[in-house]
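Here the structure comes first, spelled out in structure tokens, and everything after it is commentary.
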Amino acid sequence: MNSLYANTRQPEAEAEVAQHSQDEDERNTNQQVVEQLVEQVVEQPPPEFVEQHDSMPIFPNLDILDDEELVDEDLNTEKATERTIMRRYLEAIQKRLIHELSDKFPITGETWLLDILKSNDWWIPQHKYSFICKKLAIQFEKEEKEVAYFRKVYVWLPDVRWGPTCMPACGNCGSNKSVGNNGFRNNHFGRRVVALDHDYYCVSRRYRCKNCEQKARDAKIAIEESAAANNIAIQFSDEAIDKSQYTFMAWNRNTLELYPHGIGQELPAFLTHRSGVDRLLLDMMRPLFDKGLRPGALADTILELHAKRYHQECLKHEWGLAKTGNVHQKPMLSEFGDKTKYNGLVPTGRYLMHVYKTFHSTIKDFLDNEVKKRGAKFISVDASYKEPKHLCQYHGQNLFKGLITITNEIGEIRMQFHVVTDDHEQFRPSLLAFLNTVKSYGQHDLELVFTDNVHADRHFYLDTFPSLLEAQGRLDIMVTDGTMPNENDINKENTCTVDDTQIRVLSSKGAINEFITALEENIQGKPPEDRVIGLDAEWNVLTASHGMGMRTGKLALLILAYKDSGGRHMAALLRLHKLSSLPDRLLHFLVGGTKFVGNHVGGDIRRLGRDYKCEDEMKKVLIVNLGRYARERDVVQSGTVRLDVLVQICLKETMKKQAAVRVSSKWEDPSLSQDQKQYAALDGIKSLEVYLYLREKPDLSLRLSEKEAKVGLCVDIAPLRGGPTSMVATRCGSATLTEQSFREWEVPSVPYVKKESGEPVCLADFGAPPFLVILPLTMLKQHIESDDIRTYPNMNDDTGTTRTTTPPAPPPSPRTVQHQVINQDDTSTEEEDSTGPTGMDLLDNDADAEAVHLSNDDVTLLRKVCLLGEEAALGHNLLTCAHLEPAPTPDTINDWFSAVVGDAFHVMDRAKVPMQHEAKKTYFVALRDAILQFDPNQLKEVKSAVKEKDGKTDNEIDADIYFNPAFWKACVRRRILPPSATKGETQW
Numbered sequence: 001m002n003s004l005y006a007n008t009r010q011p012e013a014e015a016e017v018a019q020h021s022q023d024e025d026e027r028n029t030n031q032q033v034v035e036q037l038v039e040q041v042v043e044q045p046p047p048e049f050v051e052q053h054d055s056m057p058i059f060p061n062l063d064i065l066d067d068e069e070l071v072d073e074d075l076n077t078e079k080a081t082e083r084t085i086m087r088r089y090l091e092a093i094q095k096r097l098i099h100e101l102s103d104k105f106p107i108t109g110e111t112w113l114l115d116i117l118k119s120n121d122w123w124i125p126q127h128k129y130s131f132i133c134k135k136l137a138i139q140f141e142k143e144e145k146e147v148a149y150f151r152k153v154y155v156w157l158p159d160v161r162w163g164p165t166c167m168p169a170c171g172n173c174g175s176n177k178s179v180g181n182n183g184f185r186n187n188h189f190g191r192r193v194v195a196l197d198h199d200y201y202c203v204s205r206r207y208r209c210k211n212c213e214q215k216a217r218d219a220k221i222a223i224e225e226s227a228a229a230n231n232i233a234i235q236f237s238d239e240a241i242d243k244s245q246y247t248f249m250a251w252n253r254n255t256l257e258l259y260p261h262g263i264g265q266e267l268p269a270f271l272t273h274r275s276g277v278d279r280l281l282l283d284m285m286r287p288l289f290d291k292g293l294r295p296g297a298l299a300d301t302i303l304e305l306h307a308k309r310y311h312q313e314c315l316k317h318e319w320g321l322a323k324t325g326n327v328h329q330k331p332m333l334s335e336f337g338d339k340t341k342y343n344g345l346v347p348t349g350r351y352l353m354h355v356y357k358t359f360h361s362t363i364k365d366f367l368d369n370e371v372k373k374r375g376a377k378f379i380s381v382d383a384s385y386k387e388p389k390h391l392c393q394y395h396g397q398n399l400f401k402g403l404i405t406i407t408n409e410i411g412e413i414r415m416q417f418h419v420v421t422d423d424h425e426q427f428r429p430s431l432l433a434f435l436n437t438v439k440s441y442g443q444h445d446l447e448l449v450f451t452d453n454v455h456a457d458r459h460f461y462l463d464t465f466p467s468l469l470e471a472q473g474r475l476d477i478m479v480t481d482g483t484m485p486n487e488n489d490i491n492k493e494n495t496c497t498v499d500d501t502q503i504r505v506l507s508s509k510g511a512i513n514e515f516i517t518a519l520e521e522n523i524q525g526k527p528p529e530d531r532v533i534g535l536d537a538e539w540n541v542l543t544a545s546h547g548m549g550m551r552t553g554k555l556a557l558l559i560l561a562y563k564d565s566g567g568r569h570m571a572a573l574l575r576l577h578k579l580s581s582l583p584d585r586l587l588h589f590l591v592g593g594t595k596f597v598g599n600h601v602g603g604d605i606r607r608l609g610r611d612y613k614c615e616d617e618m619k620k621v622l623i624v625n626l627g628r629y630a631r632e633r634d635v636v637q638s639g640t641v642r643l644d645v646l647v648q649i650c651l652k653e654t655m656k657k658q659a660a661v662r663v664s665s666k667w668e669d670p671s672l673s674q675d676q677k678q679y680a681a682l683d684g685i686k687s688l689e690v691y692l693y694l695r696e697k698p699d700l701s702l703r704l705s706e707k708e709a710k711v712g713l714c715v716d717i718a719p720l721r722g723g724p725t726s727m728v729a730t731r732c733g734s735a736t737l738t739e740q741s742f743r744e745w746e747v748p749s750v751p752y753v754k755k756e757s758g759e760p761v762c763l764a765d766f767g768a769p770p771f772l773v774i775l776p777l778t779m780l781k782q783h784i785e786s787d788d789i790r791t792y793p794n795m796n797d798d799t800g801t802t803r804t805t806t807p808p809a810p811p812p813s814p815r816t817v818q819h820q821v822i823n824q825d826d827t828s829t830e831e832e833d834s835t836g837p838t839g840m841d842l843l844d845n846d847a848d849a850e851a852v853h854l855s856n857d858d859v860t861l862l863r864k865v866c867l868l869g870e871e872a873a874l875g876h877n878l879l880t881c882a883h884l885e886p887a888p889t890p891d892t893i894n895d896w897f898s899a900v901v902g903d904a905f906h907v908m909d910r911a912k913v914p915m916q917h918e919a920k921k922t923y924f925v926a927l928r929d930a931i932l933q934f935d936p937n938q939l940k941e942v943k944s945a946v947k948e949k950d951g952k953t954d955n956e957i958d959a960d961i962y963f964n965p966a967f968w969k970a971c972v973r974r975r976i977l978p979p980s981a982t983k984g985e986t987q988w
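The opening position of the sequence shown corresponds to residue 1 in the UniProt record's numbering, with each subsequent residue numbered one higher.
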């Protein structure tokens, strides 16, 4: 005999052979013992025996297509070629139910089948198969009468079980007043249901709604009469009427919801088109899938459990034969997938996912209402960009950019929606719906918002949630020094506006030419450096229903901003969409030598040339890209900065750019709205104002030319071109050019010189100034008397002295000029990094994991760091950096509070530590403990309790806090202290 368990293994599970080898050896040993017992019991020689080879592997065989298109093969009269065991069994049970439920059933007759159902909660148990077969006189072959081949059966007849009040209601009209019995189906005797380790069948009958049937017949008559009135030949048969409109099964989904007192939940299965899943298995799917288990893995688990259960049935069968001595007279059980006998059914992962989605679609409204009941005093907003990238694609293109998830203070998901861009306007509908729910349910007002980009999101959330402004007002009162500006004052006083008298709208060619002529006269009377025009452009963006941009129209609006004769900023809105080409005077003006400034103005000019067929002429336009212009003056660190950011930095004003106005299909409407005029005029005027502000600042990217290099000239030493972009506008010192002659072989090439250790030579390595050194012109620029210029970053060597980092190597054979170093004392503070995505719990858990592996030396180091923190709190400046300003003392730090804040994760995640760094563990634990402080009162109480109960000393408790942080986090509340209180802890 072959091992049955080995034959239930899937082909793809070859890797599991080694894991089961020991179990199979034990089973083979048991099998040999059984054979020896049989030989002892059977004295006479056995008859000729044909060995069975169970070679059929088990595969998941219930898929979506099988469920939607095919009836189970053992029940389908059209597909099945043999009368299977369960088909004959269910057919006989159905006939007996019809007989016992018939009006003609004798009053004195025995309703033994209904009695079995009533005594077993309307189940026909599996072990009753022999009694049922005998009572119903079902003829089976000897080898077919095995309990393993029969399944239990559930009968769903609510009107019989609970009485007429539970007559199934019609799903169309929602009433059971006109519903009656329509009999059992004669071609389908039961619905097969998959459970965790077995399967069973459900049996029910159809019902008919006479009210809906009459409506269907009336509709048929009306159609026939209408066709006859219009001389249209049409004829209906009874089959042409859709009976599904008025006949239904008692387990239809829309019918189950209509049973009184929740009786519909008594049905033990969730049924799909032709099959079903047990509710216990269905209830397991959500927690398992939420924990990361894939549907395919769950299907494999179900396959394993089904195979194991059948294997146990086979073993029981073999042991029974061995006990009775009939091992050679009676065959073994069939294979798992034998269609005529056991006929095992196991779902695929795809079918389980289909069931999961279908079930949740039926309870979606309920889940939505449950989510609305969850209040939110605080919310955390996070964006995921992986989900739409992997799950929301169409023809390889992403339908959405991100999935926005908003949770409340206890981690419950309160809102979730997709966005196609990062624009705030796509958040607004969901947030307004949330506000409406809060008001309708009488929930607590929102008081605090955590976001991953406070700078960009702050004003939007304060404008959207009125309760946040109130919370901000309460926080402002907490500021004792009065230096924090009020949010309302900021919005009112610093918001960009433009007066209607500053706007002109021109549409016709004649009006545009006339305006351009007057503008040219105004411009020509100014000095060349003042012949500047702010330029911007708008065009239609056609979007789909979900908000994604589909295509764009031609350039519809050209904005020109200028100063009139009185010095007032004006904006001319030129509507060009009806024109096939640019007006002559406008084209001449664009290429006439006037400078046009704007953010990304080059793209606007190129689009203008492409849309109006003047691309060659547009290449002659003089343009200034404000982003790059600001970058060259070290105002911003990125040349792709947005205009509203430039306005905030340069003009100290808030510029609200509404996406609903910018990304719209209304720029070609007959007339522009007031919002469109304001939006367009502000873009042009503020572009001009930003340029005029930046023009007064020196260009820090320029380098000294050979003609400018004169003896005695004071210069700044700067990084080489080709180095890091962020360092182009910095300097590492100042010097004076001197005259000195060298023979060619005596000229040192300092940028290429290295120390014996292999490190590049820095200026500080030459000692205290003055000293002579030869540098290329690409490292020199005109000296600028300003303290606002950032210095090139310095580093501390092992001796504690400060050295300047050497810039990247220059091109070969640079021109050089000798100079004398004067000073290297210029310092400034670098701008703080922006925040990233939320994940405090993730980093906190990482720190906990690192703390478990801390050594005693690591703990000692942490304690030393704590002592350094105490010194810093006293005002001592530790680990100073020459290129940074001295750290402020706690008494000089002003604590500002905001209703829109970031979270501790972003603070701790800014400093990236290499995975293999020796201090990584210590750093993460120390940083976590510096920012997240235990409540001192609670910590004292817990320490006292631990001392009393466990008898631990103070040193043992301190070590336990490091090695077992999860316990202390659960017992002691932690909080993030204000900056003035955390400064001493984070100084190191």
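Every residue, glycine too, gets a C-beta built ideally from N, C-alpha and C.
| Query | Result |
| --- | --- |
| Counting only the same chain and skipping the five closest in sequence on each side, list residues whose C-beta sits under 6 Å from that of PHE934. | VAL972 and ARG974 |
| Have a look at THR497, ASP564, LEU506 and GLY598 and flag the residue whose alpha-carbon is nearest the alpha-carbon of MET655. | THR497 |
| To the nearest angstrom, report how far apart VAL661 and ASP675 are at their CA atoms. | 7 Å |
| For ARG151, count neighbouring C-beta atoms within 10 Å of its own C-beta (all shown protein chains included) and say buried if the count is 16 or more, exposed if not. | buried |
| By a C-beta neighbour count over all protein chains shown, 10 Å radius and 16 as the cutoff for buried, is ASP825 buried or exposed? | At ASP825, the pLDDT of 34 sits below 50, so the modelled position is not reliable; the number obtained from the coordinates is stated separately. Flag for ASP825 reads exposed. |
| Does DSSP classify GLU100 as helix, strand or coil? | helix |
| Name the one or two DSSP bridge partners that THR405 has. | ASP382 and GLN416 |
| Given 8 Å as the limit, is there contact between the stretch 498 to 507 and the stretch 463 to 478, that is, 3 or more CB pairs closer than that? | no |
| With a cut-off of 8 Å on the beta carbons, I'd call ASP716 and HIS783 a contact; round off their distance for me. | 5 Å |
| Would you kindly check if the distance between the Cβ of HIS569 and the Cβ of GLU668 is under 8 Å? | no |
| Cα-Cα, which of THR437, TYR461, ARG191 and TYR441 is closest to GLU447? | TYR461 |
| Could you tell me whether the stretch 632 to 644 touches the stretch 605 to 613, where touching means 3 or more Cβ pairs closer than 8 Å? | no |
| Going by alpha carbons, who is nearest to residue 989 out of ALA228, LEU688 and ALA250? | Here the chain covers residues 1 to 988 and nothing more, so residue 989 does not appear. |
| Give the C-beta separation of CYS212 and GLN245 to the nearest angstrom, bearing in mind that I take them to be a contact with Cβ-Cβ under 8 Å. | 6 Å |
| Given a cut-off of 8 Å, decide if PRO268 and ASP283 are closer than it, judged by their beta-carbon atoms. | no |
| Alpha carbon to alpha carbon, how far is ARG731 from ARG703? Give it in angstroms, no decimals. | 12 Å |
| Mapping the DSSP letters down to three states, classify ARG531 as helix, strand or coil. | coil |
| Under a CB-based cut-off of 8 Å, is SER430 close to chain D? | Absent from the structure: chain D. Only one protein chain is present. |
| So the alpha helix (DSSP H) PHE924 belongs to, where does it begin and stop? | 920 to 931 |
| Check whether the stretch 521 to 540 and the stretch 452 to 468 touch, using three or more Cβ-Cβ pairs below 8 Å as the test. | no |
| Closest by CA to HIS188, which one among GLN312, LYS373, GLY603 and MET86? | MET86 |
| Could you tell me the distance, in whole angstroms, from the CA atom of THR802 to the CA atom of SER786? | Any reading at THR802 is ruled out, since the residue's pLDDT is 36, under 50, leaving its predicted position unreliable. |
| Measure the alpha-carbon distance for MET908 versus ASP929 and round it to whole angstroms. | 11 Å |
| I'd like to confirm the pairing. Which residues does DSSP put opposite LEU622 in its beta bridges? | LYS595 |
| Taking the alpha-carbon positions, what's the THR615 to ALA511 distance? | According to the sequence displayed, residue 615 carries Glu and not Thr. So the two alpha carbons sit approximately 24 Å from each other. |
| In this structure, does DSSP put ILE221 in helix, strand or coil? | helix |
| Are LEU333 and LEU281 closer than 8 Å when you measure CB to CB? | no |
| Just how far apart, CA to CA, sit PHE336 and ALA148? | 11 Å |
| One question on the structure: do ALA904 and ILE976 come within less than 8 Å of each other, judged by their Cβ atoms? | yes |
| So for THR736, helix, strand or coil by DSSP? | strand |
| What are the residues that DSSP puts in a beta bridge with TYR562? | MET570 |
| If we require 3 or more residues per run, which beta strand (DSSP E) segments fall completely within the stretch 334 to 403? | 378 to 384 |
| Applying the criterion that 16 or more other CB atoms from any shown protein chain within 10 Å of the CB defines a buried residue, is LYS921 buried or exposed? | buried |
| Three or more C-beta pairs closer than 8 Å, one from the stretch 169 to 180 and one from the stretch 109 to 128: is that the case here? | no |
| Let me know the secondary structure DSSP gives GLY109 once reduced to three states. | coil |
| For LEU780, which option in VAL761, PHE771 and SER734 has the closest C-alpha, if you only look at C-alpha atoms? | SER734 |
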